[in-house]
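Novice:
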Amino acid sequence: MDSKLLSAQTDTWILACLAAGPAGMTLREIRQRLWEQIPTDVRSSWEVLLVGDQVSRSLNQLAREGVVRHDKYAMRWELITRDQEMAAPPTRTVPDGEQRHLFDA
Numbered sequence: 006m007d008s009k010l011l012s013a014q015t016d017t018w019i020l021a022c023l024a025a026g027p028a029g030m031t032l033r034e035i036r037q038r039l040w041e042q043i044p045t046d047v048r049s050s051w052e053v054l055l056v057g058d059q060v061s062r063s064l065n066q067l068a069r070e071g072v073v074r075h076d077k078y079a080m081r082w083e084l085i086t087r088d089q090e091m092a093a094p095p096t097r098t099v100p101d102g103e104q105r106h107l108f109d110a
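Everything in the sequence shown is counted per this note's numbering, starting at 6 for the first residue and increasing by one.
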């Protein structure tokens, strides 16, 4: 998987973790739940290192986009909207229209 595609997919996995988890999760809890979201083929390859490296960056980017909020005192992240269905998953733009393949079910 291309690194840009993997980066965009990481955003989607993080949003799924936050939507399915309890309100307010620590970074450690997010990483633990994220492990369950990552497909086995990615978990068993070197790409898992890219995902692990990307988690904090993705959370900060999603916070700048207004999708998640970070409580600095409690050290917890949470979705601003707890809706399971978001109008459009906010992710970084992937060139050449590769992003459309991320959301095919």
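Backbone N, C-alpha and C fix where the C-beta goes; we use that ideal spot for every residue, glycine too.
The structure displayed is predicted, hence computed values, not measured ones.
For D16, is the classification buried or exposed, using 16 other Cβ atoms within 10 angstroms of its Cβ as the cut-off for buried?
Specialist: For this step, residue 16 is matched to residue 11 along the sequence shown. D16 is buried by the Cβ-count criterion.
Novice: My output table needs one value for W51: the three-state DSSP class, helix, strand or coil.
Specialist: The count along the sequence shown starts at 1 and reaches residue 51 at position 46. The answer is coil: DSSP assigns W51 none of H, G, I, E or B.
Novice: In whole angstroms, what is the alpha-carbon distance linking S12 and S49?
Specialist: Position 7 of the sequence shown, counted from the start, is the residue given in the question as residue 12. Position 44 of the sequence shown, counted from the start, is the residue given in the question as residue 49. Roughly 17 Å between the two C-alpha positions.
Novice: Pick from G29, R74, M80, A21: whose alpha carbon is nearest that of W40?
Specialist: Within the sequence shown, numbered from 1, the residue matching residue 40 stands at position 35. Selected option, being the one with the closest Cα: A21.
Novice: I need the boundaries of the alpha helix (DSSP H) containing E70, first residue and last residue.
Specialist: Looking up residue 70 in the sequence shown gives position 65. Per DSSP, E70 belongs to no alpha helix (DSSP H) and is neither H nor E.
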